[in-house]
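Student: Quick one: structure below, then a few questions.
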Amino acid sequence: MPELKFKLLIDNISNNSFYKVINDETLSDILECKLYVQRYNNKPYIFSCFATSVDGRLCYPDATSGFTIAKYNNEAISIERYADWWNLSLGRAISDAVIIGSNSILGEHGKYIASVDIKELRELRGNLGKPEELLHIIITRDANKIDWQNEEVVKNPNIPLIIFSGNTPRNLPDNIIISDKFTRGLNKQLILDETLNLLSLINLLYENSIKTILNESPYYHHYLQEHKLLDEAWLNTSGVYIGGNIATLGLQNLPFTALSHPHYSILTLHHIAHNFLYTRYKVTYS
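Numbering (the working numbering), first residue to last: 64 to 349.
Take a look at the structure:
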């Protein structure tokens with residue numbers, strides 16, 4: 064595989080006082096620009112990262128993992144497909160925690176872990192003073208939907224985990240402690256909250272130094288915008304068309320209206336060849 068090297072098409076983030084720079088020569092060379100992250104403003108910096116088809120689909124009807132959007136772009140060169148994974152891994156590398164919903168967990172068939180397995184990004188994570196593994200936050204109204212005994216994120220002792228749930232599953236593994244609030248130092252905990260008040264959890268996490276959160280849940284991508292909590296969206300557009308009634312961002316949520324909806328402005332736009340675009344958006348609210 065050739066060396067990864069993005070081509071920068073739009074830069075609307077440099078010299079913006081709302082952002083701080085991460086000085087890393089390797090990243091700057093790969094991205095053709097410096098990496099900037101948002102400064103904290105009494106709340107976590109929260110962003111989503113997804114790969115979508117040109118019509119906004121997140122997977123295929125016969126391949127439900129989100130990673131298939133890049134994998135089955137048969138016209139893309141290998142480095143373009145790899146760049147989709149690299150971009151997601153970059154988001155994970157700078158984050159303290161990752162949010163994932165129960166439907167996304169089910170789509171990964173027990174194998175989901177928000178790993179950072181790329182050398183330069185693991186080094187970046189270490190240089191930022193972050194622990195080796197992200198805190199994983201799985202949100203579900205009905206914890207009985209998931210076979211927790213066979214989830215890799217539960218079985219792996221190195222992965223810190225919060226299950227934020229509206230109920231207690233019937234078959235909860237012994238290594239998960241039940242609580243009514245976040246408890247610092249617990250490796251795996253299930254927090255019961257019938258209302259699933261995510262805002263309350265996010266505020267508590269912020270008070271406990273969880274200040275950069277990556278969202279990988281399509282449902283909570285929309286939910287976070289309903290509550291004006293999502294700061295950015297990193298969207299990798301794969302040059303494939305899918306159509307039909309298949310997963311999209313916000314599919315299970317109520318739509319925004321013409322008079323009140325989020326707006327997306329481009330912070331950076333990259334490409335490599337002709338089959339992917341890698342776009343970082345700032346989300347603002349009317």
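Heads up, the beta-carbon is just placed ideally off N, CA and C, and yes, glycines get one too. Treat the numbers as computed from the prediction; the structure is a model and nothing was measured.
Which residues share a DSSP beta bridge with serine 301?
Tutor: According to DSSP, serine 301 bridges with Phe339.
Student: Counting beta carbon pairs with one atom in the stretch 79–95 and one in the stretch 304–314, are three or more of them shorter than 8 Å?
Tutor: no
Student: Could you pull out every unbroken beta strand (DSSP E) segment of at least 3 residues lying fully inside the stretch 230–311, listed in chain order?
Tutor: 240–242, 251–255, 275–278, 295–301
Student: Quick one: which unbroken alpha helix (DSSP H) runs of 4-plus residues sit fully inside the stretch 82–150? Chain order, please.
Tutor: 88–94, 131–134, all fully within the stretch 82–150.
Student: Ignore the nearest five residues each way along the sequence and tell me which others in threonine 246's own chain have a CB closer than 8 Å to its CB.
Tutor: Ile240, Gln252
Student: Using only the alpha-carbon positions, how far apart do leucine 98 and aspartate 87 sit?
Tutor: 8 Å
Student: State the start and end residues of the unbroken beta strand (DSSP E) segment that holds glycine 164.
Tutor: In the DSSP annotation of this structure, the continuous segment of the beta strand (DSSP E) that includes glycine 164 starts and ends at 160–164.
Student: Check leucine 197 in the structure and name its three-state DSSP category.
Tutor: coil
Student: Between which two residues does the beta strand (DSSP E) holding leucine 332 run?
Tutor: It spans 325–334 - the beta strand (DSSP E) in which leucine 332 sits, taken as one unbroken run.
Student: Need the endpoints of the beta strand (DSSP E) that leucine 72 sits in, please.
Tutor: 70–74
Student: Under 8 Å between the Cβ atoms of leucine 306 and glutamate 138?
Tutor: Reading off the sequence, residue 306 comes out as glycine, not leucine. Their beta carbons are not under 8 Å apart, which means glycine 306 does not touch glutamate 138 by this criterion.
Student: May I ask which residues mark the beginning and end of the beta strand (DSSP E) holding leucine 224?
Tutor: 224–228
Student: What are the start and end residues of the alpha helix (DSSP H) that includes asparagine 190?
Tutor: 182–190
Student: Going straight from the alpha carbon of threonine 275 to that of serine 111, what length do you get?
Tutor: 11 Å
Student: Report yes or no: do three or more beta-carbon pairs, one from the stretch 335–345 and one from the stretch 176–195, lie closer than 8 Å?
Tutor: Because the criterion of three Cβ pairs below 8 Å is not met, the stretch 335–345 and the stretch 176–195 do not touch.
Student: For cysteine 96, which residues from the same chain have a beta carbon less than 6 Å from its beta carbon, with the 5 sequence-adjacent residues on both sides left out?
Tutor: Leu71, Asp74
Student: On a Cα-Cα basis, can you pick out the residue from Ile85, Glu289, His324, Asp118 that is closest to alanine 156?
Tutor: With distances taken between CA atoms, alanine 156 lies nearest to Ile85 out of Ile85, Glu289, His324, Asp118.
Student: On the three-state DSSP scale, how would you describe isoleucine 202?
Tutor: strand
Student: Just the C-alpha distance for glutamate 214 and aspartate 92, rounded to the nearest angstrom, thanks.
Tutor: Cα to Cα, glutamate 214 sits roughly 37 Å from aspartate 92.
Student: With DSSP as the reference, label valine 179 as helix, strand or coil.
Tutor: Coil.
Student: Where does the unbroken alpha helix (DSSP H) through glutamate 215 begin, and where does it stop?
Tutor: 215–218
Student: In the DSSP output, what is lysine 345 paired with across the bridge?
Tutor: Glu295, Ser328
Student: Between the alpha carbons of leucine 5 and alanine 177, how many angstroms are there, rounded?
Tutor: Because the chain spans 64 through 349 in this model, residue 5 falls outside it and cannot be assessed.
Student: Between which residues of its own chain and isoleucine 76 is the CB-CB distance below 7 Å, once the five residues before and five after are set aside?
Tutor: Tyr82, Tyr99, Leu330, Thr331
Student: Where does leucine 169 sit, in a helix, a strand or coil, going by DSSP?
Tutor: helix
Student: Comparing alpha-carbon positions, which option in Lys218, Tyr304, Arg204 lies nearest aspartate 237?
Tutor: Lys218
Student: Once you ignore the five residues that flank serine 280 on each side, which residues in its own chain have a CB closer than 6 Å to its CB?
Tutor: Only residues of its own chain outside the window of five on either side were considered, and among them Ile162, Ile163, Gly164, Ser167 have a CB closer than 6 Å to the CB of serine 280, listed in chain order.
Student: Can you tell me whether asparagine 207 is helix, strand or coil according to DSSP?
Tutor: Helix.
Student: Is serine 373 helix, strand or coil when you go by DSSP?
Tutor: Lying outside 64 to 349, the shown extent of the chain, residue 373 is not represented and no answer is given.
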